[in-house]
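*Asks:*
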């Protein structure tokens with residue numbers, strides 16, 4: 362096991378981890394409620410995933426297998442940096458396979474491969490307060506949550522429908538958890554929102570410099586805000602993934618030449634790769650059958 | 018065929034290698050030592066210690082070297098180190114009245130017990146570039162022959178504001194039940210609004226110097242109700258004492274060089290209280306006078322609510338000030354915009370295209386009618 | 010149901026009001042920022058369907074008093090008892106803040122002097138009116154919009170302005186929108202702070218006319234702060250005259266204005282006559 366010298370397993374000292382685990386337990390007990398915790402300084406900048414890292418550091422064990430994604434990809438700079446951090450400080454095994462991971466730390470996406478009951482999904486959260494841009498004052502938003510005063514958020518949706526004919530929020534789309542707390546799902550595309558509902562895996566959310574942890578326990582109801590007559594819907598693409606041909610995953614647009622020609626590829630790199638592998642295998646299998 | 022952006026790990030390694038090279042600069046020039054930074058850039062070191070929240074000139078100097086002189090990056094390095102340090106114990110409250118004073122000035126009284134001591138300061142210099150420094154031809158210090166040497170410091174003397182206190186013209190600096198109350202520690206617990214004064218002060222001392230300076234400037238220019246006098250500004254060494262559990266009495270474990278500022282502000286009184294002076298308090302590591310004064314000014318502004326004054330400006334609003342004062346947080350969040358946001362941007366692209374398509378379709382329909 | 014009863018009350022004479030339980034009882038309320046800056050002690054009762062005017066010059070403490078009465082500013086001392094439909098008799102500041110906040114979006118309305126303090130200027134008129142409905146849990150866009158159109162017309166704003174922002178409205182329309190936004194949840198008690206301040210005389214007259222009609226149709230109880238005695242005479246059943254934070258005279262509106270007893274009231278009344 363290759364742990365960094367001079368630092369505890371997974372960087373944080375055990376005292377701090379215990380404090381964070383207590384916050385996590387409280388968060389699981391009150392789904393969607395933002396639990397304040399004594400956020401520690403991490404050696405990565407605030408806003409770069411320090412909240413998710415503190416949660417990961419507190420729940421990770423030697424037997425865990427960690428996957429880190431940013432924008433759905435395992436190889437983006439920040440994902441690489443965080444994966445390395447835990448490989449060095451905790452010496453745990455890392456993986457790019459969604460199915461093989463026991464812990465997945467993510468920024469801005471939920472993997473396309475459905476998660477299972479023995480997995481934990483840890484979100485990096487920049488701003489945990491869904492009401493922040495309606496009311497910047499925390500003393501006020503705390504009361505709004507306590508009293509379920511969520512009318513002001515609905516005003517924003519009303520405006521969208523009045524102006525555009527439908528709700529125009531495309532990511533960071535607010536949800537109601539367990540019919541009680543309004544929650545910021547972190548800046549995932551609204552495409553991913555339905556995956557949160559009744560997910561078998563535990564979902565933990567860490568906001569580092571805002572010092573908040575919240576959670577969605579397995580199989581909890583998560584509902585995206587909408588109107589009875591203007592129900593929530595997700596984005597769709599006219600194109601398929603140029604690599605694996607998927608017609609149902611979230612696609613990134615890639616500019617491929619100076620003329621601005623573009624192509625669309627899966628944002629979830631592991632999903633795209635496993636579809637290609639499967640396609641090759643079944644093609645080979647078909648050939649074998651034919652011959 | 019398109020190849021997805023790969024090779025993140027190697028690119029990161031290369032970027033770091035290049036950064037180390039840039040930091041070293043021209044190798045034909047002698048490498049700067051941490052010692053030199055500590056001794057010759059002490060004000061930079063002081064700032065890093067304050068906002069980095071550790072009193073350790075050597076590590077602060079190291080952080081400055083490692084950060085290519087970028088104060089905010091150096092502060093971040095020191096903070097990230099600080100968080101891993103064990104808590105051995107809590108010192109006794111510092112007694113700044115017993116400070117061995119090196120500099121002490123008051124803007125409120127011309128002369129006072131202990132006198133005014135100018136100490137080492139840039140205050141009265143003419144800001145003319147000294148080209149002898151460029152030629153590295155500075156005369157040796159011994160030849161400058163200051164009449165007061167470093168060692169000669171003023172013994173403990175009472176605080177200026179105590180003179181006002183004797184007449185009852187200024188509020189008490191301590192709450193009656195202060196001794197029974199353990200202040201919260203914002204490095205261990207999250208700030209809960211409204212935050213008590215001790216937490217506000219802790220936050221301000223760690224706060225970004227430029228941010229606090231600008232806020233205090235604003236409060237004096239009319240965006241706030243601050244009409245302060247610099248009651249006293251003192252710098253010098255203060256002993257640190259600790260009561261080890263096994264001994265049960267205080268022992269001296271070292272000393273700190275500190276700068277303390279007490280501002281005198283007006284308070285107009287209300288129906289129940291006659292007008293009196295109030296205090297704004299600032300304390301900082303090293304010779305950080307600008308910092309100590311800014312803390313004292315903003316600290317007083319933030320007491321508006323508890324003193325029943327109207328809260329009208331951002332510098333009186335504790336959520337505004339305390340949530341945005343930290344340079345490590347501010348820098349982190351601003352710089353996180355450099356991280357990829359492909360997915361969010363893609364969502365916005367999809368949305369804006371769809372909206373434009375819908376509007377175009379509606380216009381066509383209109384035209385075809 | 011209740012509204013009907015109260016609209017009857019609004020045409021009763023004062024002695025009949027005394028038989029009912031007060032809606033709001035104010036006891037020794039004090040709030041001072043500095044000597045002479047604030048208000049108190051203030052004592053009065055407000056009965057269902059009654060319109061109480063608070064008059065005085067600027068700086069007389071009437072706006073501070075209104076803030077205290079409407080649960081936006083904790084007084085230094087004193088009690089405000091409100092007889093709530095939902096919570097029964099409640100001591101405003103002794104009780105839970107959550108109850109005060111529920112009142113503010115259900116049984117109460119506040120009409121500010123400056124429309125920008127009472128409206129969301131960056132969202133449409135429809136959203137401004139719909140907000141209180143959504144706050145009490147309505148989630149059907151079509152219904153909310155229909156209600157908003159209804160209330161726009163009730164305050165004499167063309168319903169096809171529903172998607173315009175308040176900033177595109179004239180001052181008088183903004184005030185009427187503010188009123189619609191408050192009335193959509195059928196409150197019982199409205200606080201108004203100089204609702205006609207800053208408006209042209211003809212616009213003022215139209216707004217006052219509308220207010221008077223709505224108050225009597227809906228049987229609203231109102232506390233209105235104004236420096237304009239003409240506004241007070243038109244709307245208020247009873248008046249309180251304030252000076253340097255203290256109430257110097259109070260009584261039926263006609264009595265106070267036609268036969269002022271306190272020298273300060275006499276001065277106020279004579280100055281308006283000269284205008």
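Protein chains in written order, with the working numbering: chain S, 362 to 652; chain U, 18 to 386; chain F, 10 to 284. Just so you know, even glycine gets a beta-carbon here, dropped at the ideal spot from N, CA and C. In this text, all values refer to a predicted model and were calculated from it rather than measured experimentally.
Taking all protein chains shown into account, decide if residue 106 of chain U is buried (16 or more other Cβ within 10 angstroms of its Cβ) or exposed.
*Replies:* Taking the second chain and counting its residues from 1, one reaches residue 106 of chain U at position 89. The residue in question, residue 106 of chain U, is exposed, as its Cβ has fewer than 16 Cβ neighbours within 10 Å.
*Asks:* Taking the alpha helix (DSSP H) that residue 521 of chain S falls in, what are its first and last residues?
*Replies:* On the first chain, residue 521 of chain S is found 160 positions in, with the first residue counted as 1. Per DSSP, residue 521 of chain S belongs to the alpha helix (DSSP H) from 512-525.
*Asks:* Are the C-beta atoms of residue 153 of chain F and some chain S residue less than 8 angstroms apart?
*Replies:* Within the third chain, residue 153 of chain F is the residue found at index 144, counting from 1. Closer than 8 angstroms to some Cβ of chain S, the Cβ of residue 153 of chain F qualifies, so yes.
*Asks:* With distance defined between alpha-carbon atoms, name the residue in U:307, U:241, U:75, U:93 nearest to residue 68 of chain U.
*Replies:* Along the second chain, one-based indexing puts residue 68 of chain U at 51. Nearest of U:307, U:241, U:75, U:93 to residue 68 of chain U, Cα basis: U:93.
*Asks:* Could you please give me the residues that DSSP links to residue 146 of chain U through a beta bridge?
*Replies:* Walking along the second chain from the start, residue 146 of chain U turns up at place 129. Answer is none; residue 146 of chain U lacks a bridge partner.
*Asks:* Whose Cβ in chain S lies nearer than 8 angstroms to the Cβ of residue 170 of chain F?
*Replies:* Taking the third chain and counting its residues from 1, the one referred to as residue 170 of chain F is at position 161. Correct list: empty, because the minimum Cβ distance to chain S is about 12 angstroms.
*Asks:* Since residue 178 of chain U contacts residue 315 of chain U with CB under 8 angstroms, what's their CB separation in whole angstroms?
*Replies:* Sequence index remark: in the second chain, residue 178 of chain U carries index 161 (1-based). Sequence index remark: in the second chain, residue 315 of chain U carries index 298 (1-based). About 18 angstroms separates the two Cβ atoms, so there is no contact after all.
*Asks:* Mapping DSSP to helix, strand and coil, what is residue 269 of chain U?
*Replies:* On the second chain, position 252 is the one that residue 269 of chain U refers to. Three-state result, residue 269 of chain U: strand.
*Asks:* Using a Cβ-Cβ cutoff of less than 6 angstroms, which residues in the same chain neighbour residue 167 of chain U once the five nearest sequence positions on both sides are dropped?
*Replies:* Within the second chain, numbered from 1, the residue matching residue 167 of chain U stands at position 150. Per-residue confidence for residue 167 of chain U stands at a pLDDT of 49, beneath the threshold of 50, marking its modelled position as unreliable; the derived number appears in the next sentence. Once the five neighbours on either side are set aside, residue 167 of chain U has no close Cβ partner at all.
*Asks:* In the region 311-343 of chain U, which residues sit with their C-beta less than 8 angstroms from some C-beta in chain F, listed in chain order?
*Replies:* If the cut-off is 8 angstroms between Cβ atoms, the region 311-343 of chain U has 325, 326, 327 near chain F.
*Asks:* Any beta carbon of chain F sitting closer than 8 angstroms to that of residue 22 of chain U?
*Replies:* Numbered from its first residue, the second chain carries residue 22 of chain U at position 5. At residue 22 of chain U the pLDDT is 46, less than 50, meaning the model places this residue with poor confidence and gives no usable figure here.
*Asks:* Is there at least one Cβ from chain F nearer than 8 angstroms to residue 529 of chain S's Cβ?
*Replies:* Translated into positions along the first chain, residue 529 of chain S becomes position 168. Judged by the 8 angstroms Cβ criterion, residue 529 of chain S is not in contact with chain F.
*Asks:* Could you name each continuous alpha helix (DSSP H) segment of 4 residues or more that falls completely within the region 65-91 of chain U, going from the start of the chain to the end?
*Replies:* Segments of the alpha helix (DSSP H) lying fully in the region 65-91 of chain U: 74-83.
*Asks:* Exposed or buried, residue 141 of chain U, counting other C-beta atoms within 10 Å across all chains shown (16 or more means buried)?
*Replies:* Within the second chain, numbered from 1, the residue matching residue 141 of chain U stands at position 124. Residue 141 of chain U comes out exposed.
*Asks:* For residue 37 of chain F, does the three-state DSSP call read helix, strand or coil?
*Replies:* Against the third chain, residue 37 of chain F aligns to sequence position 28. Correct three-state label for residue 37 of chain F: strand.
*Asks:* Name, please, each residue of chain F whose Cβ falls closer than 8 angstroms to the Cβ of residue 464 of chain S.
*Replies:* Position 103 of the first chain holds residue 464 of chain S. Going along chain F, no residue has its Cβ under 8 angstroms from residue 464 of chain S, so there is no contact; the nearest lies around 37 angstroms.
*Asks:* Closer than 8 angstroms by C-beta to residue 373 of chain S: which residues in its own chain qualify, once you throw out the five before and the five after it? Chain order, please.
*Replies:* Taking the first chain and counting its residues from 1, one reaches residue 373 of chain S at position 12. Only 381, 401, 415, 418, 419 meet the Cβ criterion.
*Asks:* DSSP beta-bridge partners for residue 576 of chain S?
*Replies:* Locating residue 576 of chain S in the first chain gives position 215, counting from the first residue. In the DSSP output, where bridge partners are listed per residue, residue 576 of chain S has S:565.
*Asks:* If the cut-off is 8 angstroms on Cβ atoms, which residues from the region 604-631 of chain S count as contacting chain U, listed in chain order?
*Replies:* Correct list: 604, 611, 612, 613, 614, 615, 617, 624, 626, 628, 630.
*Asks:* Under a three-way DSSP split, which group does residue 167 of chain U fall into?
*Replies:* Looking up residue 167 of chain U in the second chain gives position 150. Confidence at residue 167 of chain U is low in this model, with a pLDDT of 49, below 50, so the placement of that residue should be treated as unreliable; the coordinate-derived value is given next. Residue state, collapsed to three classes: coil.
*Asks:* Give me the chain U residues within the contact set of residue 442 of chain S, using Cβ-Cβ distance strictly less than 8 angstroms, ordered along the chain.
*Replies:* Within the first chain, numbered from 1, the residue matching residue 442 of chain S stands at position 81. In chain order: 29.
*Asks:* So who's on the other strand from residue 613 of chain S, going by DSSP bridges?
*Replies:* Working through the first chain from its first residue, we reach residue 613 of chain S at position 252. Note: residue 613 of chain S sits in a beta bridge opposite S:626.
*Asks:* List the whole-angstrom C-beta distance separating residue 46 of chain F from residue 234 of chain F, where the pair is believed to meet the contact cut-off of C-beta under 8 angstroms.
*Replies:* Taking the first residue of the third chain as 1, we reach residue 46 of chain F at position 37. Taking the first residue of the third chain as 1, we reach residue 234 of chain F at position 225. Actually they are not in contact, since the Cβ atoms of residue 46 of chain F and residue 234 of chain F sit about 16 angstroms apart, beyond 8 angstroms.
*Asks:* Less than 8 angstroms separating the beta-carbons of residue 82 of chain F and residue 100 of chain F?
*Replies:* Residue mapping note: residue 82 of chain F aligns to position 73 of the third chain, counting from 1. Residue mapping note: residue 100 of chain F aligns to position 91 of the third chain, counting from 1. Result no, Cβ atoms of residue 82 of chain F and residue 100 of chain F do not sit closer than 8 angstroms.
*Asks:* Under 8 angstroms Cβ-Cβ, which residues of chain S neighbour residue 150 of chain F?
*Replies:* The count along the third chain starts at 1 and reaches residue 150 of chain F at position 141. Neighbours of residue 150 of chain F on chain S, chain order: 519, 522, 588, 589, 590, 591.
*Asks:* Answer yes if the region 46-60 of chain F comes into contact with the region 236-253 of chain F, meaning at least three C-beta pairs across the two stretches below 8 angstroms, and no otherwise.
*Replies:* Segments in contact, yes.
*Asks:* List the DSSP bridge partners of residue 483 of chain S.
*Replies:* The residue labelled residue 483 of chain S in the question sits at position 122 within the first chain. According to DSSP, residue 483 of chain S bridges with S:466, S:565.
*Asks:* Kindly indicate if chain F contains any beta-carbon less than 8 angstroms away from that of residue 504 of chain S.
*Replies:* Mapped onto the first chain, residue 504 of chain S falls at position 143. Closer than 8 angstroms to some Cβ of chain F, the Cβ of residue 504 of chain S qualifies, so yes.
*Asks:* Among S:450, S:503, S:445, which has the Cα closest to the Cα of residue 107 of chain F?
*Replies:* For the purposes of this step, residue 107 of chain F is identified with residue 98 of the third chain, where counting begins at 1. When each option's Cα is compared against that of residue 107 of chain F, the closest is S:503.
*Asks:* For residue 99 of chain F, which residues in chain S fall below 9 angstroms Cβ to Cβ?
*Replies:* Translated into the one-based positions of the third chain, residue 99 of chain F becomes position 90. Going along chain S, no residue has its Cβ under 9 angstroms from residue 99 of chain F, so there is no contact; the nearest lies around 16 angstroms.
*Asks:* Less than 8 angstroms between the beta carbons of residue 341 of chain U and residue 406 of chain S, yes or no?
*Replies:* The sequence position of residue 341 of chain U within the second chain is 324, counting from 1. The sequence position of residue 406 of chain S within the first chain is 45, counting from 1. No, the Cβ-Cβ distance between residue 341 of chain U and residue 406 of chain S is not below 8 angstroms.
*Asks:* Ordered along the chain, which non-local residues of its own chain (more than five positions away) have a Cβ less than 7 angstroms from that of residue 85 of chain F?
*Replies:* One-based indexing of the third chain puts residue 85 of chain F at position 76. Within the same chain, residue 85 of chain F has close Cβ partners 39, 40, 41.
*Asks:* What are the uninterrupted segments assigned as beta strand (DSSP E) that are 3 or more residues long and contained completely in the region 407-465 of chain S, given in chain order?
*Replies:* List check, beta strand (DSSP E) in window: 426-431.
*Asks:* Whose CA, out of U:70, U:74, U:71, U:86, lies closest to the CA of residue 42 of chain U?
*Replies:* Position 25 of the second chain, counted from the start, is the residue given in the question as residue 42 of chain U. Out of U:70, U:74, U:71, U:86, U:86 has the C-alpha closest to the C-alpha of residue 42 of chain U.
*Asks:* How many angstroms separate the CA atom of residue 212 of chain U from the CA atom of residue 97 of chain U?
*Replies:* By 1-based counting over the second chain, the position of residue 212 of chain U is 195. By 1-based counting over the second chain, the position of residue 97 of chain U is 80. Roughly 24 angstroms separates the two Cα atoms.
*Asks:* Starting from residue 247 of chain F, trace the beta strand (DSSP E) both ways and give me its first and last residue.
*Replies:* For the purposes of this step, residue 247 of chain F is identified with residue 238 of the third chain, where counting begins at 1. It spans 247-252 - the beta strand (DSSP E) in which residue 247 of chain F sits, taken as one unbroken run.
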